[in-house]
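Q:
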Amino acid sequence: MRSNVEHTISPIYNENSKILILGSMPSPKSRQQGFYYAHPQNRFWPVLSQLLKQNLPQSNEAKTEFLFHNRIALWDVLKSCSIEGADDASIKNAVPNDLNLILNHANIRAVFTTGTKSTSFYRSFWLSKNDLPLIPLPSTSPANRGRYPMERLLEEYRVLLDYLT
243 MRSNVEHTIS
253 PIYNENSKIL
263 ILGSMPSPKS
273 RQQGFYYAHP
283 QNRFWPVLSQ
293 LLKQNLPQSN
303 EAKTEFLFHN
313 RIALWDVLKS
323 CSIEGADDAS
333 IKNAVPNDLN
343 LILNHANIRA
353 VFTTGTKSTS
363 FYRSFWLSKN
373 DLPLIPLPST
383 SPANRGRYPM
393 ERLLEEYRVL
403 LDYLT
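Each number in the working numbering corresponds to the 1-based position in the sequence shown with 242 added.
1) Is it buried or exposed for Arg313, if we count other Cβ within 10 angstroms and need 16 for buried?
2) Using only alpha-carbon positions, find the residue among Ile261, Pro380, Ala336 and Lys334 that is nearest to Ala315.
3) Count the other CB atoms within 10 Å of the CB of Lys330; is the residue buried (16 or more) or exposed (fewer)?
4) Near Leu406, what residues of its chain come up, given a Cβ to Cβ distance below 7 angstroms and the 5 sequence neighbours on each side ignored?
5) Should His347 be labelled buried (16 or more other beta-carbon atoms within 10 Å of its own) or exposed?
6) Can you have a look at Gly265 and say buried or exposed, based on whether 16 or more other CB atoms are within 10 angstroms of its CB?
7) Is Pro282 buried or exposed, if buried means 16 or more other CB atoms sit within 10 Å of its CB?
8) In chain order, which beta strand (DSSP E) runs of at least 3 residues are fully inside the segment 246-274?
9) Along the chain, where does the beta strand (DSSP E) containing Phe277 start, and where does it finish?
10) Of the choices Gly276, Asp340, Thr355 and Pro378, whose alpha-carbon is the least far from that of Ser301?
11) To the nearest angstrom, how far is the alpha carbon of Leu320 from that of Trp368?
12) Are the Cβ atoms of Pro286 and Thr361 separated by less than 8 angstroms?
13) With a CB to CB cut of under 8 angstroms and the five nearest residues on each side skipped, what residues in its chain are close to Ser272?
14) Does the beta carbon of Ser324 sit closer than 8 angstroms to a beta carbon anywhere in chain C?
15) Mapping DSSP to helix, strand and coil, what is Leu379?
16) Pick from Val289, Glu307, Tyr390 and Ile325: whose alpha carbon is nearest that of Glu248?
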């Protein structure tokens, strides 16, 4: 069932953030829990913790501290849209977030998008408005397990390290 969704989760960033990771729109589970990548089957947090060789953060506070400690900003490209469940392919009537909130306050070196839809929306709404490198990454969604097993996700996400040092 399609519903109109407003983004209600605040962006996570500070003046020390070096990279910006963007999804498309929080999933129903993330909206319910008020935090990014909250579905227990989503591999976003396990990928980052393994990649950065740190313990997997469990609470929302620990995840925020994890991001700050590693100089990672996190948000979504969209402010609102019409969507069926968590199916990015179903997104209609997309309205972008104002990424300048982060870009004007942090020294972002590169923008990473998670999944084809976030990449497409970023290209449509923001690519021509800044000169930051855009690096598309695969989705960490459980729906993407077949195409991207954990080892392959880690290989693809390793590029983050080039911008965090």
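The beta-carbon is built from N, C-alpha and C at its ideal position, and this holds for glycine as well. Please read these numbers as outputs of a predicted model, since none were measured by experiment.
A: Checking against the coordinates, here is how it stands:
1) So Arg313 counts as buried.
2) Per the Cα distances, Ile261.
3) First, the amino acid is wrong: residue 330 is Asp here, not Lys. Around the CB of Asp330, 16 or more other CB atoms lie within 10 Å, so the residue is classed as buried.
4) Counting only Cβ-Cβ distances below 7 angstroms, and skipping sequence neighbours, we find Lys260, Ile261, Asn312 and Arg313.
5) By the 16-neighbour rule on beta-carbons within 10 angstroms, His347 is exposed.
6) Buried, since its Cβ has 16 or more Cβ neighbours within 10 Å.
7) Burial call: exposed.
8) Scanning the segment 246-274 from its first residue to its last, the whole beta strand (DSSP E) runs of 3-plus residues come out as 261-265.
9) From DSSP, Phe277 is part of no beta strand (DSSP E); its letter is neither H nor E.
10) Selected option, being the one with the closest Cα: Gly276.
11) Going from the Cα of Leu320 to the Cα of Trp368 covers about 11 angstroms.
12) It is Phe, not Pro, that sits at residue 286 in the sequence shown. Inclusion of Phe286 and Thr361 in the CB contact set at 8 angstroms is not warranted, their separation being larger than that value.
13) Counting only Cβ-Cβ distances below 8 angstroms, and skipping sequence neighbours, we find Ile251, Tyr278, Tyr279, Ala280 and His281.
14) No chain C is part of this structure, which consists of one protein chain only.
15) In the displayed model, Leu379 falls within a strand according to three-state DSSP.
16) When only C-alpha atoms are compared, the closest one is Ile325.
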